[in-house]
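Please read the structure below before turning to the comments.
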Amino acid sequence: NAGVTQTPKFQVLKTGQSMTLQCAQDMNHEYMSWYRQDPGMGLRLIHYSVGAGITDQGEVPNGYNVSRSTTEDFPLRLLSAAPSQTSVYFCASSSTGGNMYEQYFGPGTRLTVT
Amino acid sequence: GNSVTQMEGPVTLSEEAFLTINCTYTATGYPSLFWYVQYPGEGLQLLLKATKADDKGSNKGFEATYRKETTSFHLEKGSVQVSDSAVYFCALISGAGSYQLTFGKGTKLSVIP
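Heads up: the sequence lines are chains A and B, in that order. Everything in the first sequence is counted per this note's numbering, starting at 1 for the first residue and increasing by one. Everything in the second sequence is counted per this note's numbering, starting at 1001 for the first residue and increasing by one.
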C-alpha cells in the first residue's frame, strides 16, 4: 500500500516552461487536492476534486490547471511557469465517507522557477 | 471566511520540557479542528483531531481540547522528546460537505537533548 505518491521530488524550470506534477493514490479515495507551501504562509489550497470528472478551484488557482480522469490520479499542470510559483507542492487525498476527515499527504514536490 | 492563527515560532525546548502551541480560529458554523505534523523532508501527517466542542483529541502523548467559548485548540505535551522536532500545523474544516482544510502558518519546534 503506497498511499499518496508524487513525482518528481524536485524540479527546476525556466520562466515560461510548462510541466505536470503527478499525484496518485491507491486507497480508492474520492477526494483529492493540491496545496502549495510557502515559508511563513502555511499551506494554501490550489485545486481539489471530489471524484472523477469533478474539479474545483481553491484559494490560489491562478496559473494552475487540473483534471481528474480516474479515481487514482490527479495531475497538476503549470502551463507557463513563473518565479512566483516557486514552492513546495503537496497532494492529499481522503475518503468522503466514514473517517472522512483524515487526509493523507504525499511527500511533496519542490519546484524552483528561475 | 475561515482562518487559523497559531503562535509564531520557532520554539526551542529542552528534552522533557512541557510544550504548548497556541491555536485560535475563526470559522462559520461548527468546524472540525486538527493538528498536523510535518517531519523534516516529509509530507504532513494527521496528529490529532476533534470534531465537536469539548472533545479532546490525543495521540503520541499530544493533546488538544476543542474550546468553543474561546475558539481555541491549543496543542500540549507533558514531556517532549528530540524525536518531536518538527513543524506543527493547526487546521480546520468548516461547512457542510466540505473537505477543504484551512491551515495556520505552522510552528517549528526544535527539541535539544
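Every residue, glycine too, gets a C-beta built ideally from N, C-alpha and C.
Beta-carbon spacing of residue i, residue j below 8 Å
i	j	result
Ser-1110/B	Asn-1002/B	no
Thr-5/A	Ala-24/A	yes
Leu-13/A	Leu-76/A	no
Phe-1018/B	Gly-1061/B	no
Ile-46/A	Tyr-31/A	no
Ser-69/A	Ala-92/A	no
Tyr-1066/B	Ile-1021/B	no
Leu-1046/B	Glu-102/A	yes
Cα-Cα separation between residue i and residue j, rounded to whole angstroms
i	j	result
Glu-1076/B	Ala-1086/B	14 Å
Leu-1092/B	Tyr-1036/B	10 Å
Pro-61/A	Phe-90/A	14 Å
Arg-36/A	Ser-1072/B	25 Å
Ser-1103/B	Asp-38/A	One point to set straight first is that residue 1103/B is Phe, not Ser, in the sequence displayed. Between Phe-1103/B and Asp-38/A, the C-alpha separation is close to 12 Å.
Phe-10/A	Lys-1068/B	41 Å
Glu-59/A	Gln-1006/B	19 Å
Ser-1098/B	Val-1004/B	17 Å
Val-113/A	Ser-49/A	26 Å
Ala-1064/B	Cys-1090/B	10 Å
Pro-1113/B	Leu-79/A	47 Å
Gln-85/A	Gly-1043/B	19 Å
Met-27/A	Gln-1081/B	32 Å
Thr-20/A	Trp-34/A	12 Å
Give the residues from the stretch 1098-1113 of chain B that approach chain A closer than 7 Å (Cβ to any Cβ), ordered along the chain. Tyr-1099, Gln-1100, Leu-1101, Phe-1103, Gly-1104, Lys-1105 and Gly-1106
Counting pairs of Cβ atoms below 8 Å between the stretch 32-43 of chain A and the stretch 1024-1035 of chain B, do you hit three or more? no
Three or more C-beta pairs under 8 Å: does that hold for the stretch 1054-1063 of chain B against the stretch 100-107 of chain A? no
Which parts of the stretch 61-89 of chain A are runs of the beta strand (DSSP E), unbroken and 3 residues or longer, counting only runs that do not cross its ends? 64-66 and 76-78
Residues of the stretch 73-103 of chain A with Cβ closer than 9 Å to any Cβ of chain B, in chain order: Phe-90, Cys-91, Ala-92, Ser-94, Thr-96, Met-100, Tyr-101, Glu-102 and Gln-103
Members of the stretch 1075-1095 of chain B that neighbour chain A once the beta carbon cut-off is set at 7 Å: Phe-1089 and Ile-1093
Residues of the stretch 1032-1050 of chain B whose Cβ lies closer than 9 Å to any Cβ of chain A, in chain order: Ser-1032, Phe-1034, Tyr-1036, Gln-1038, Gly-1041, Glu-1042, Gly-1043, Leu-1044, Gln-1045, Leu-1046 and Lys-1049
Along the stretch 45-75 of chain A, where does the CB come closer than 8 Å to a CB of chain B? Name the residues. Leu-45, Tyr-48, Val-50 and Gly-58
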